[in-house]
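Worksheet for the structure shown next.
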Ligand code: CP
């Protein structure tokens, strides 16, 4: 795998899922594969899980890891080609990416969207400029429109906990007080559409995802109907794609409750974390035996390790 920006970079999805589950049982089997190789992790936004799990995965493969919080610790970067740099940006990505590429064999980049300019966000300028100028493979740690390491983790977790061959998986919008990116739901939809699951999306009116992500999923504005018979409930808030970046609904009736979980086929509850308790999901669900959010977060290591392994072997 030359790069990992989306599910489209994965030539053999079932094979990669099995690889990750095998690595979970054999974490040090490839501890020399990354010897004398360096992974650079560049964060333009905060992270707990992605940062620590990717670092651990790389170390399991014998890699050295360099981590930088770019926004606080480095120079302000200009991403526009041809820009007249007379503002507050001190360095162009053309040099910055190329320089990091001199130090690293693979570079991971996390950068969130502006949520103010849909066209620009969906062009994925930041990660694409790293691909263009770094000279080494790029690993997405979450970009403006996708979070592929999270979605791969989610698929691994579904695979290892499902009790029926083709589970019903429901992605449900939930309320929030902040305008959040569409990256996690976009990506989750993209990966579920590529997997062998019965996939349903439920959200209030005005929260439709971009069609290239929702694909062939069944979509309903009736959350209770969506929950009926579900094997997995995947909750996430996102801001509107149509009324771009806006909160147009904060109805607490969309919170995930134990009463609604009772409509399902004893569904497992999933969330990428971090999650706001008793806003997105009530304590009773998150603290129940059916919540697999910690197992899910733990699987971030095996997803990252499987992807890094394929990138090192490319
Ligand atoms: N789910 C996830 O990506 O978590 P972090 O933002 O903490 O990395």
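Numbering (my numbering), first residue to last: 1453 to 1766.
Beta carbons are placed, not taken as given, at the ideal position from N, Cα and C, and that holds for glycine.
All figures in this text were calculated on a predicted structure; none of them were measured in a lab.
Alpha carbons only, please: which of the options is nearest the one belonging to residue i?
i            : options                   : result
residue 1484 : 1514, 1510, 1458 and 1478 : 1514
residue 1565 : 1473, 1723, 1718 and 1632 : 1632
residue 1545 : 1509, 1572 and 1585       : 1585
residue 1627 : 1520, 1729 and 1462       : 1729
residue 1740 : 1698, 1467, 1713 and 1666 : 1713
residue 1487 : 1479, 1510, 1477 and 1552 : 1510
residue 1568 : 1705, 1696, 1717 and 1518 : 1696
residue 1694 : 1675, 1723 and 1634       : 1634
residue 1587 : 1620, 1642, 1454 and 1593 : 1454
residue 1519 : 1530, 1531 and 1500       : 1500
residue 1477 : 1593, 1552, 1755 and 1580 : 1755
residue 1650 : 1680, 1723 and 1674       : 1680
residue 1630 : 1527, 1691 and 1664       : 1691
residue 1529 : 1573, 1766 and 1578       : 1578
Would you kindly work out how many angstroms separate the C-alpha atoms of residue i and residue j, rounded to a whole number?
i            : j            : result
residue 1460 : residue 1559 : 19 Å
residue 1582 : residue 1600 : 17 Å
residue 1493 : residue 1506 : 9 Å
residue 1598 : residue 1715 : 30 Å
residue 1644 : residue 1489 : 33 Å
residue 1657 : residue 1503 : 34 Å
residue 1554 : residue 1590 : 13 Å
residue 1738 : residue 1639 : 23 Å
residue 1718 : residue 1607 : 18 Å
residue 1548 : residue 1535 : 15 Å
residue 1618 : residue 1603 : 18 Å
residue 1699 : residue 1525 : 31 Å
residue 1702 : residue 1660 : 15 Å
residue 1636 : residue 1537 : 33 Å
residue 1735 : residue 1711 : 12 Å
residue 1676 : residue 1620 : 14 Å
residue 1557 : residue 1673 : 45 Å
residue 1541 : residue 1531 : 9 Å
residue 1593 : residue 1491 : 12 Å
residue 1527 : residue 1580 : 19 Å
residue 1723 : residue 1468 : 22 Å
residue 1428 : residue 1766 : Outside the displayed range of the chain (1453 to 1766) lies residue 1428, so it cannot be described from this structure.
Is the beta carbon of residue i less than 8 Å from the beta carbon of residue j?
i            : j            : result
residue 1708 : residue 1685 : yes
residue 1662 : residue 1465 : no
residue 1751 : residue 1615 : no
residue 1512 : residue 1479 : yes
residue 1562 : residue 1497 : yes
residue 1517 : residue 1495 : no
residue 1666 : residue 1641 : yes
residue 1732 : residue 1689 : yes
From what residue to what residue does the alpha helix (DSSP H) around residue i run?
i            : result
residue 1666 : 1663 to 1666
residue 1713 : 1710 to 1713
residue 1731 : It is not in any alpha helix (DSSP H) - residue 1731 carries neither H nor E in the DSSP assignment.
residue 1561 : Segment 1558 to 1562 is the beta strand (DSSP E) holding residue 1561; no alpha helix (DSSP H) there.
residue 1758 : 1752 to 1765
residue 1679 : 1675 to 1679
residue 1553 : 1545 to 1555
residue 1592 : Careful: residue 1592 lies outside any alpha helix (DSSP H), inside the beta strand (DSSP E) at 1590 to 1592.
residue 1585 : 1577 to 1585
From what residue to what residue does the beta strand (DSSP E) around residue i run?
i            : result
residue 1651 : 1650 to 1654
residue 1720 : 1720 to 1722
residue 1480 : Looking at the DSSP string, residue 1480 is not in any beta strand (DSSP E), and its letter there is neither H nor E.
So residue i and residue j are supposed to be a Cβ contact under 8 Å. How far apart are they, rounded?
i            : j            : result
residue 1682 : residue 1727 : Contact doesn't hold; Cβ gap of about 18 Å is too wide.
residue 1678 : residue 1654 : 4 Å
residue 1508 : residue 1753 : 5 Å
residue 1757 : residue 1457 : Rounded, the Cβ-Cβ distance is 18 Å, inconsistent with contact.
residue 1471 : residue 1605 : With 8 Å as the limit, residue 1471 and residue 1605 do not qualify as a contact, their Cβ atoms being about 13 Å apart.
residue 1720 : residue 1742 : 5 Å
residue 1576 : residue 1596 : 5 Å
residue 1571 : residue 1473 : In fact, because the Cβ distance is near 39 Å, the residues do not count as touching under 8 Å.
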